[in-house]
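Peer 1: Quick one: the structure is below, and I'll ask about it shortly.
Numbering (this note's numbering), first residue to last: 609 to 753.
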């Protein structure tokens, strides 16, 4: 193998390594609520039940990001334990039977932040490392289990 091929292979390996490393550092979410909320921590199972409509916390409204948002996919896999298609099928069944309400939806990360800032009874999730305004606190991190 020529020296040019070795350099090309090395550069390719370094690029792939940096891309994979970047993806792994951003594949976590943090669950947030209003600073004045009485909730300071929440467990993974409580979150799963809350966002799947199986747990009703007094005066707590879960807010999910829109389908297609990467943080939603990460939350679904890491916290809920289901893929987007399985969650959609679940909510279709719940809607048909009239049993449970799906979480409210925010169209973007910025909209979710605004919704949480404006109400003390909301819980949502954001990509790990998202800068937070002073009015929001973290109550769960998928990176710490």
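Glycine included, every Cβ here is placed at the ideal spot set by N, Cα and C.
Note that the structure is predicted; figures quoted are calculated from it, not measured.
(1) How many angstroms separate the CA atom of residue 715 from the CA atom of residue 751?
(2) Buried or exposed: residue 732, going by 16 or more other Cβ atoms within 10 Å of its Cβ?
(3) Give the single residue among 672, 648, 748 and 660 whose Cα lies nearest to the Cα of residue 700.
(4) Between which two residues does the beta strand (DSSP E) holding residue 736 run?
(5) If the criterion is Cβ atoms closer than 8 Å, does the pair residue 717 and residue 741 meet it?
(6) Between which residues of its own chain and residue 684 is the CB-CB distance below 8 Å, once the five residues before and five after are set aside?
(7) The alpha helix (DSSP H) that contains residue 720, what's its start and end?
(8) By how many angstroms is the C-alpha of residue 653 removed from the C-alpha of residue 629?
Peer 2: In brief:
(1) In this structure, the straight-line span from the alpha carbon of residue 715 to that of residue 751 is close to 24 Å.
(2) Answer is buried; the Cβ neighbour count reaches 16.
(3) With distances taken between Cα atoms, residue 700 lies closest to 660.
(4) No beta strand (DSSP E) contains residue 736, which DSSP labels as neither H nor E.
(5) Against a cut-off of 8 Å, the Cβ pair of residue 741 and residue 717 comes out as no contact.
(6) Around residue 684: 690, 691, 692 and 695.
(7) Per DSSP, residue 720 belongs to the alpha helix (DSSP H) from 717-725.
(8) Low local confidence applies: a pLDDT of 40 at residue 629 is under 50, so the model's placement there is unreliable, with the coordinate-based value given in what follows. Cα-Cα distance, rounded: 28 Å.
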